[in-house]
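Mapping the sequence shown onto full-length UniProt numbering, position 384 (from 1) lands on 384, and the numbers just tick up by one.
All C-beta atoms in this analysis are idealised placements derived from N, C-alpha and C, irrespective of residue type, glycine included.
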Amino acid sequence: MEPLLFGTSQINKQGELEIGKCPVTELVKDYGTPLFVYDTALIKQQARDFKETFEALGVKHRVVYASKAFTCKAIYQLLKSEGLGFDVVSQGELYTALEAGVSPEMIECHGNNKSYEELEYAVTNNVGMIILDNFHEIGLLDEITKQHEKTQRVMLRVTPGVDAHTHDYILTGQEDSKFGFDVKSGQAAKAFQLVKEAIHLDLVGIHCHIGSQIFDTTGFSVATEKMLDILISWRDQFDFVAPILNLGGGFGVKYTSGDQPLPSNEYVKQMVEKVKSECNKRNYPLPEIWIEPGRSIVAEAGTSLYTVGSRKDVEGVRHFLAVDGGMGDNIRPALYGATYQAFLANRQTEENQEQVTLVGKYCESGDKLIEDLMLSPTQPGDIIAMTTTGAYGYSMANNYNRNQKPAVVFVEDGKSQLVIRRESVKDMIRLDLDLK
Ligand SMILES: *Cc1c(COP(=O)(O)O)cnc(C)c1O
Numbered sequence: 001m002e003p004l005l006f007g008t009s010q011i012n013k014q015g016e017l018e019i020g021k022c023p024v025t026e027l028v029k030d031y032g033t034p035l036f037v038y039d040t041a042l043i044k045q046q047a048r049d050f051k052e053t054f055e056a057l058g059v060k061h062r063v064v065y066a067s068k069a070f071t072c073k074a075i076y077q078l079l080k081s082e083g084l085g086f087d088v089v090s091q092g093e094l095y096t097a098l099e100a101g102v103s104p105e106m107i108e109c110h111g112n113n114k115s116y117e118e119l120e121y122a123v124t125n126n127v128g129m130i131i132l133d134n135f136h137e138i139g140l141l142d143e144i145t146k147q148h149e150k151t152q153r154v155m156l157r158v159t160p161g162v163d164a165h166t167h168d169y170i171l172t173g174q175e176d177s178k179f180g181f182d183v184k185s186g187q188a189a190k191a192f193q194l195v196k197e198a199i200h201l202d203l204v205g206i207h208c209h210i211g212s213q214i215f216d217t218t219g220f221s222v223a224t225e226k227m228l229d230i231l232i233s234w235r236d237q238f239d240f241v242a243p244i245l246n247l248g249g250g251f252g253v254k255y256t257s258g259d260q261p262l263p264s265n266e267y268v269k270q271m272v273e274k275v276k277s278e279c280n281k282r283n284y285p286l287p288e289i290w291i292e293p294g295r296s297i298v299a300e301a302g303t304s305l306y307t308v309g310s311r312k313d314v315e316g317v318r319h320f321l322a323v324d325g326g327m328g329d330n331i332r333p334a335l336y337g338a339t340y341q342a343f344l345a346n347r348q349t350e351e352n353q354e355q356v357t358l359v360g361k362y363c364e365s366g367d368k369l370i371e372d373l374m375l376s377p378t379q380p381g382d383i384i385a386m387t388t389t390g391a392y393g394y395s396m397a398n399n400y401n402r403n404q405k406p407a408v409v410f411v412e413d414g415k416s417q418l419v420i421r422r423e424s425v426k427d428m429i430r431l432d433l434d435l436k
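As structure tokens, this is what we get:
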């Protein structure tokens with residue numbers, strides 16, 4: 001299996017992987033393993049591709065990074081300088097963004113069960129947008145904005161009845177989802193009326209997010225039509241014209257050679273053309289278009305480095321090869337059968353590969369990173385690079401078995417910098433209190 005190489009990743013003359021001109025053996029020497037390495041040039045490139053496509057099409061827009069894909073102060077700071085907005089889904093993410101120096105105007109708050117405390121924190125910190133998800137929340141926000149005598153810009157999240165997956169989409173009519181207001185049953189219209197009645201809520205648009213890891217643009221296209229249907233009906237019924245249409249994220253990335261995502265600009269181009277043509281057809285003023293890419297900004301830019309440890313050969317059954325990480329730093333394979341590729345990264349590889357199952361060190365049989373991986377023969381101490389781990393890897397990391405969360409480094413042009421330090425064993429008891 002050929003290694004997947006993105007951005008500045010390449011195999012050098014010594015047969016070793018380099019990312020951002022930093023050889024992985026150097027990175028491992030400096031920072032240890034497991035290690036997340038981010039190619040910042042590639043992150044910036046992805047962000048620019050989205051923005052430049054909008055600019056070339058001459059539409060008002062905002063590219064909002066869905067920060068749940070990978071959150072830390074440094075990623076906010078990096079993408080802030082690229083002019084992106086940020087989607088946060090908890091007080092913790094909002095706090096991190098503010099601490100990183102993000103302008104609150106560029107932040108939007110998502111979530112299906114925002115608490116009073118979270119909403120109040122958002123309002124009093126002047127976040128630019130709150131995306132209302134349910135009736136409970138409309139009540140809370142009405143109360144909070146009255147209490148603080150502040151006007152809050154909001155959007156309504158609706159479920160247009162389009163459920164998009166990697167290779168296809170389903171028209172569900174009513175969506176079986178915990179997120180957003182259902183359109184068909186009249187929930188969305190009811191929400192609209194409640195928000196319009198709330199004196200401190202300023203409704204500026206609608207939002208949908210139809211899925212993740214989407215390769216096919218048909219889902220976005222159908223969703224755009226449905227969103228315009230809603231806007232037209234609200235114009236006709238309530239005389240409301242939306243300044244903003246937020247079409248969410250979900251743009252696909254390449255986890256394995258079999259994945260064939262479109263370039264980001266292609267998704268945006270088709271989306272914008274569709275909005276333009278629908279607006280034209282229905283005589284609706286072109287709204288500002290917002291998108292919320294998460295995975296597509298950071299996934300391919302991230303690589304996990306692991307050190308090979310033990311091995312168990314069950315003759316005729318399977319070769320288990322264990323690395324020093326696993327479901328604590330990447331739970332996606334265990335959680336939803338996510339697939340990845342990996343390769344021997346610290347030296348010249350041999351032609352004849354063997355089939356192994358790459359497992360972690362956690363006390364769960366399901367702690368598998370890659371099943372049936374074709375890999376060059378390894379020795380303990382070798383470095384394995386697992387690619388496309390930049391999204392929903394570190395952000396879902398946990399301390400199961402009281403293993404420490406890995407370190408994260410940014411690399412570019414031969415320089416590396418630590419952006420999240422490795423946890424220590426002391427960190428493992430940071431919150432513990434002695435028995436009285
Ligand atoms: C998760 C999420 C995104 C980002 O999805 P990706 O697949 O990472 O692009 C965008 N918008 C909302 C509302 C989300 O929940």
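Residues Leu262, Glu266, Tyr267, Gln270 and Met271 of the same chain have their beta carbon placed closer than 8 Å to that of Thr217, with the five preceding and five following residues left out of the count. Membership of Phe50 in the alpha helix (DSSP H) is indicated by the continuous run Thr40 to Leu57. Ranked by how close their Cα comes to the Cα of Val64, the residues Ser296, Phe179 and Asp163 have Ser296 in first place. A buried status is given to Gln91, since no fewer than 16 other beta-carbon atoms sit within 10 Å of its beta-carbon. Taking all protein chains shown into account, Glu120 has 16 or more neighbouring C-beta atoms within 10 Å of its C-beta and is therefore buried.
Assignment of Asn401 by DSSP, reduced to helix, strand and coil, places it in the helix class. Check the Cα spacing between Gly360 and each of Met374, Glu354 and Ala334: the tightest is with Ala334. Assignment of alpha helix (DSSP H) within the segment 46–127, counting only whole runs of 4 or more residues, yields 73–80, 91–99 and 116–124 in chain order. A direct Cα-to-Cα measurement between Leu42 and Gly7 gives close to 5 Å. Counting the other Cβ atoms within 10 Å of the Cβ of Phe70 gives 16 or more, which makes it buried. Short note on Ala338: C-beta not closer than 7 Å to any heavy atom of ligand 1. Taking each of Cys109, Glu18, Lys368 and Gly139 in turn and checking the Cα distance to Asn125, the smallest one comes out for Cys109.
Taking the Cβ of His165 as the reference point, every heavy atom of ligand 1 lies at 7 Å or farther away. At least one heavy atom of ligand 1 falls within 7 Å of the beta-carbon of His110. According to the DSSP secondary-structure assignment, Cys22 is paired through a beta bridge with Ile19.
Ligand 1 has no heavy atom closer than 7 Å to the beta-carbon of Gln46. In this structure, Leu286 is the residue among Thr378, Ala322, Leu286 and Leu321 with its C-alpha nearest to the C-alpha of His61.
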